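Report on the structure given below.
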Amino acid sequence: MFFWSVGRQLKRVPKGKKQTLKCGSCKQEASFYESTVDDSFKAFMVLDLWKRSKRVMQCGECLGVCDYYSVYPEEKLAEEEAARQAELERKKREQEEAQKRQEAEAKEHARQQEEARQKYESEKARKDQEVDDELAQMKKKLGK
Ligand SMILES: [Zn+2]
Numbered sequence: 000m001f002f003w004s005v006g007r008q009l010k011r012v013p014k015g016k017k018q019t020l021k022c023g024s025c026k027q028e029a030s031f032y033e034s035t036v037d038d039s040f041k042a043f044m045v046l047d048l049w050k051r052s053k054r055v056m057q058c059g060e061c062l063g064v065c066d067y068y069s070v071y072p073e074e075k076l077a078e079e080e081a082a083r084q085a086e087l088e089r090k091k092r093e094q095e096e097a098q099k100r101q102e103a104e105a106k107e108h109a110r111q112q113e114e115a116r117q118k119y120e121s122e123k124a125r126k127d128q129e130v131d132d133e134l135a136q137m138k139k140k141l142g143k
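Numbering (numbering that gives the first Met the number 0), first residue to last: 0 to 143.
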């Protein structure tokens, strides 16, 4: 277990977890209390101050803290699993959206082809009509 002393802002979680552990810092069997530490850091090139909370367990004796997930590794696994599931869901949604987009594009392409075909057909019909008219006129002339 990794322990460090607290120079940062630490808050005990109300009704948080309590666990008796052998403290790696003061070497006593002590009650540990669930707490959060606010890690403040400045993002490079950005002047906003970001705050990030970290879950820890604090020794009731020496007030040393250790990482919450080193005490409850199964929760870390569960959270990682949940994150993995969420990522899978997100990928699935992305794929579905990509497929929908492709279908829409195919539909649009088919529509454009149909439009071009209809244009061609009507143009052809118009030309056929022209030829028919010319023939009719020629026949008329010949018939005179
Ligand atoms: Zn301690």
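Every residue gets a Cβ at the ideal spot worked out from N, C-alpha and C, and that includes glycine.
Please read these numbers as outputs of a predicted model, since none were measured by experiment.
Under the 8 angstroms Cβ criterion, the stretch 26 to 34 counts as touching the stretch 55 to 65, having at least three qualifying pairs. For ligand 1, residues qualifying as neighbours are C22, S24, C25, Q27, A29, C58, E60, C61 and G63, where qualification means a beta carbon closer than 6 angstroms to at least one of its heavy atoms (chain order).
Residue environment: V130 is assigned as exposed (fewer than 16 neighbouring CB atoms within 10 Å of its CB, all protein chains considered). Every unbroken stretch of the beta strand (DSSP E) spanning 3 or more residues and falling wholly within the stretch 2 to 35 is given here in chain order: 8 to 11 and 17 to 21.
Note on the stretch 37 to 124: whole alpha helix (DSSP H) runs with a minimum of 4 residues are 67 to 70, in chain order.
A Cβ-Cβ distance of about 7 angstroms is found for the pair V64 and L9, placing them in contact under the 8 angstroms criterion. Rounded to the nearest angstrom, the gap between the Cα atoms of S52 and K75 is 15 angstroms. When the alpha-carbon of C22 is set against those of E133, D66 and A105, the nearest one is in D66. Annotation: R92 to A85 spans about 11 angstroms, alpha carbon to alpha carbon. Take L20, set aside five residues on each side of it, and the residues of its chain with a beta-carbon closer than 6 angstroms to its own are F31, in chain order. Scanning its chain for C-beta atoms nearer than 7 angstroms, with the 5 sequence neighbours on each side dropped, one finds around V12 the residues E33, S34 and T35, in chain order.
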